[in-house]
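In UniProt numbering, the protein residues as written are 2 to 696.
Just so it is clear, CB atoms sit at the ideal spot from N, CA and C, and this is done for glycine as well.
These figures come from a predicted structure and were not determined experimentally.
Below is one structure, written out as structure tokens, with a few remarks after it.
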Ligand code: ADP
Ligand code: MG
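Encoded structure:
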């Protein structure tokens, strides 16, 4: 609530002036100038020629050169969106899809959702007039289930391919197939003289494929597409001085803070970008910056901390792009989202502790770890490059120079370190049966594939010989959820507690429902106890959701969305519930309820029969059950791992004999999260194919 925040808000407001005002026309002019000044602008003609000439094109270009925002507009102007066709641009990160679409809509001077829109899971802004569609790679993959030839697109751009997310890797392979199928269809058509129709009777035409990447290693993509042409877009890069620390830093957060203030007090104007590992860390650094600012003399306090990370609400995401108020210096606290996916203007200083948070999945243990690990060399280079886009810059690496040499060259593709059951189910639903032989750019390990196939067949999505189970497998593939959660909804339909399960699954898709501020620990705990169920976390979430709903029903005098948000916001604050998470869960609930209704399910409730609901939870999550051991630790039945109940669970103290859980995660310990107490006998009864009763 400082003065600085207030000022920023008004400058954000100023960036959306009345369309007819002189301010607006100046704004438009500024945007036009900015667009013209981008490195990619000078090669527009050449790029379009190459797209006409090549069905597959690899474009490599320095971050910030204008690939993501400009190329789709070039294609639009060159006529690639005639006859209602679209240009689709896939992004590995939700937040990049959203912020870039907003920016491009602004550049085109259209309303978001008209010519330019974005689609991400649980949030689709596109309309029938959308021609440039930004979306996550996962969203595009799901779209292929409904329209296997992706016939609405004339061009598909796979952006940020160097990120090598599992969805990008699967897309790269799938699009190869789609392109072939469309060419074949077009050739046959010209032979027979008739028109082949794709989804909803659309005329099928050839598909152009563009792979864009920031790294210089275009060769892997080019080779993967049989020697496809690679184009390099020259960027504008000013020199960046790199500084290292003399000794390793034991507390990198503190080192980052010291560096931020050193820059602020001693260096020339220019904004600062700091790479941190996650939301909690970012929020705590934000608080610490604010605190330390209070100790500075009044005239030295013109430093404005701003944050950007994936779960930031979308109203706030665009703030980092607005210029700092006059006289102020911005310090942007970001995750690796700011490495290549989005470019924030004005950055001159980069502070890089050299770390990332990475998930790794261990198929044989059914366990995931979330660790802070050293970033790769490629990442370190990308990060420092961010300081030199508009002029010479400085990058402060918070580790000794000798450590740099020890870093991995690049990050391991996600497909080699994640749970594959989700993508394998999607591939199966797309009719691709031979997963081991599938043309992946990097093959996942055989063990990981086998494990995922096993899991899918235990969940009833696949038959024993690996074919898609009808209709369950199909239904599960279509729901935008992890297969276990989709399965839970299908089962809940049979247990007559679909309403309860929809709420539970929606609550499980968001992070931390409860808000636990340091300064009000006691109050927060009392409030949480009020919702806590002795049966476990799932029932606790259910009661949070229900109480918030009842509260809303009682006060709802008018239905405007703003009003609802306000009422909910107050309720959340009073009850120490994270309002952002709850809002997200409510939206998710609405969406997946729509999905299951479309599948013909009738949403029924088990009322107060929580026994039935718990049995349904046990039947759904039987793969993740754990039993208490003599010493109070638990044994996860599937893997045999010794685990602890996570301190955030409502069952942390009561330690029931047997539980099911949703997450097994190793941080400092192996923890299980999101639990419900069950009767151990239920496992054999409800999942007899997995748990045999002992004779
Ligand atoms: P690339 O994809 O090549 O990395 P982009 O197309 O994302 O480059 O960005 C091009 C330029 O547009 C950058 O200079 C960036 O600063 C600017 N830009 C992108 N998004 C915004 C935004 N929301 N507000 C202001 N400038 C932006
Ligand atoms: Mg880009």
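Residue i, DSSP secondary structure in three states
{"i": "residue 142", "result": "helix"}
{"i": "residue 608", "result": "coil"}
{"i": "residue 525", "result": "helix"}
{"i": "residue 664", "result": "strand"}
{"i": "residue 168", "result": "helix"}
{"i": "residue 549", "result": "helix"}
{"i": "residue 474", "result": "helix"}
{"i": "residue 628", "result": "strand"}
{"i": "residue 225", "result": "helix"}
{"i": "residue 129", "result": "coil"}
{"i": "residue 154", "result": "strand"}
{"i": "residue 66", "result": "coil"}
{"i": "residue 535", "result": "coil"}
{"i": "residue 651", "result": "coil"}
{"i": "residue 702", "result": "Absent from the model: residue 702. The displayed extent of the chain is 2 to 696, so no value can be given."}
{"i": "residue 217", "result": "coil"}
{"i": "residue 463", "result": "strand"}
{"i": "residue 469", "result": "strand"}
Residues that residue i bridges to, as DSSP identifies them
{"i": "residue 134", "result": "89, 118"}
{"i": "residue 398", "result": "245, 353"}
{"i": "residue 184", "result": "DSSP lists no partner for residue 184."}
{"i": "residue 646", "result": "673"}
{"i": "residue 124", "result": "121"}
{"i": "residue 515", "result": "578"}
{"i": "residue 659", "result": "628"}
Limits of the beta strand (DSSP E) - the one that residue i falls within
{"i": "residue 62", "result": "57-62"}
{"i": "residue 213", "result": "209-214"}
{"i": "residue 674", "result": "671-678"}
{"i": "residue 230", "result": "230-234"}
{"i": "residue 636", "result": "635-637"}
{"i": "residue 276", "result": "272-276"}
Close-in-space but distant-in-sequence residues of the same chain around residue i (CB under 8 Å, 5 per side omitted)
{"i": "residue 369", "result": "360, 361, 362, 363, 420, 664, 665, 666, 667"}
{"i": "residue 282", "result": "254"}
{"i": "residue 593", "result": "480, 481, 482, 490, 503, 506, 507"}
{"i": "residue 540", "result": "534, 611, 614, 615, 677"}
{"i": "residue 588", "result": "123, 124"}
{"i": "residue 1", "result": "Since the first residue shown for the chain is 2 and the last is 696, residue 1 is missing from the structure and cannot be characterised."}
{"i": "residue 573", "result": "516, 549, 579, 580, 583"}
{"i": "residue 61", "result": "213, 214, 215, 216, 217, 219, 231, 232, 233, 234"}
Element boundaries [alpha helix (DSSP H), containing residue i]
{"i": "residue 109", "result": "95-109"}
{"i": "residue 502", "result": "499-509"}
{"i": "residue 52", "result": "45-54"}
{"i": "residue 23", "result": "23-38"}
{"i": "residue 567", "result": "562-576"}
{"i": "residue 496", "result": "484-496"}
{"i": "residue 584", "result": "580-599"}
{"i": "residue 259", "result": "253-267"}
{"i": "residue 285", "result": "280-295"}
{"i": "residue 84", "result": "It is not in any alpha helix (DSSP H) - residue 84 carries neither H nor E in the DSSP assignment."}
{"i": "residue 684", "result": "681-687"}
Contacts around residue i, its chain only, beta-carbon distance under 6 Å, and the 5 residues preceding and following it disregarded
{"i": "residue 650", "result": "538, 676"}
{"i": "residue 97", "result": "342, 343"}
{"i": "residue 184", "result": "207"}
{"i": "residue 689", "result": "none"}
{"i": "residue 460", "result": "484, 488"}
{"i": "residue 390", "result": "65"}
{"i": "residue 493", "result": "499, 502, 617"}
{"i": "residue 59", "result": "212, 219, 222, 223, 229, 231"}
{"i": "residue 46", "result": "none"}
Neighbourhood of residue i by C-beta, 7 Å cutoff - its chain only, sequence neighbours within 5 removed
{"i": "residue 543", "result": "501, 504, 505"}
{"i": "residue 414", "result": "165, 170, 443"}
{"i": "residue 57", "result": "210, 226, 229"}
{"i": "residue 606", "result": "498, 500, 501"}
{"i": "residue 470", "result": "461, 462, 463, 464"}
{"i": "residue 289", "result": "258"}
So within the stretch 405-448, which uninterrupted alpha helix (DSSP H) runs reach at least 4 residues, ignoring any that extend past its ends? 422-430
Whole alpha helix (DSSP H) elements within the stretch 301-379, 4-residue minimum: Listed in chain order, the complete alpha helix (DSSP H) runs (minimum 4 residues) inside the stretch 301-379 are 315-318.
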